[in-house]
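In our numbering, the protein residues as written are 72 to 351.
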């Protein structure tokens, strides 16, 4: 039983990674045998590619926005619905977006952002704020934040469910003792709940971080990385270089860079979360 599992793991995970590393040292179009060895030239280009630098900056903005907004909203909603009447209903409503594919989310929010008949601009006009209506996906930098809202809507429900599980894991004796000591509201959250939720915050943060670093579907469906590459992230740039311009070697180098970045960020997030041992 172990040998087939190892063979499956090696063929579908280890081999593609090693082949990708190998291809990154070649100038290959994806057709025919892998030839034209260029050494480290593809990796040198990583340092001088203006579009990649912009994609890296956009990825950084996505990471900051996604690690803060969905995590904070998920925790806040979990605290509000914990133990209230109709909790199952609220959990279902907030978690529902996470069950929808990223592509479907992108299509749905793209319709909502249409300048003429989109839901967002229609609401603004009905509220007398027509001056704020705009082509949300056609303006550089604005389109990135508009797409972040779509992904945040998707990830907030996931964060809420994890934090609700964390709140359930806290012994009621601790909450009762803190209440008897006069802690309530913000003080109870700051001194008791938040420290005890550290492992769950780490889990949510790491999962959101991974989803954000490799975000592709939402961006590609909503803007395609445009206009003029202004909304590209590393994953979108990697796709464009590989499958649209057929520079498989350079695309492989970008993929390796993204892989290393994901590993480093994940290890950092986990180490930060578990520096302090949580004891009940």
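Cβ atoms here follow ideal geometry from the backbone N, Cα and C, with glycine treated the same way.
Just so you know, these numbers come straight off a predicted model, no measurement behind them.
*asked:* In whole angstroms, give me the CA-to-CA distance for residue 284 and residue 138.
replied: 11 Å
*Which listed residue (133, 103, 101, 98) has its alpha carbon closest to that of residue 303*: 133
*Compare the C-alpha of residue 242 against each of 263, 94, 223, 318 and name the closest.*
263
*Relative to the alpha-carbon of residue 116, which residue among 333, 312, 337, 330 has its alpha-carbon at the smallest distance?*
312
_Own chain, CB closer than 6 Å to residue 130, minus 5 neighbours either side, in chain order_ = 304, 305
*Assign residue 317 to one of three DSSP states: helix, strand, or coil.*
coil
*How many whole angstroms separate the CB atoms of residue 136 and residue 219, which I take to be in contact at a CB cut-off of 8 Å?*
5 Å
*Quick one: Cα of residue 93 to Cα of residue 107, how far?*
12 Å
_Between the alpha carbons of residue 351 and residue 245, how many angstroms are there, rounded?_
Caution applies to residue 351, whose pLDDT of 47 falls short of 50 and renders its modelled position unreliable; the model cannot decide the point.
*Keeping to the same chain, check which residues put their C-beta closer than 7 Å to that of residue 110; ignore five residues upstream and five downstream.*
96
*Length-filtered (3 minimum) beta strand (DSSP E) runs lying within the segment 206-279*: none
*Residues in its own chain within less than 7 Å of residue 215 by CB, not counting five upstream and five downstream?*
129, 132, 302
*Opposite residue 79 in the DSSP bridges: which residues?*
In DSSP, residue 79 forms no bridge with anything.
*Taking buried to mean at least 16 other C-beta atoms within 10 Å of its own C-beta, is residue 181 buried or exposed?*
buried
_Euclidean distance between Cα positions of residue 165 and residue 328_ = 34 Å
*If you draw a straight line from the alpha carbon of residue 297 to that of residue 176, how long is it in whole angstroms?*
18 Å
*For residue 97, which residues does DSSP report across the bridge?*
108
_residue 365 - DSSP class collapsed to helix/strand/coil_ = For residue 365 there is no data in the structure shown, the boundaries of the chain being 72 and 351.
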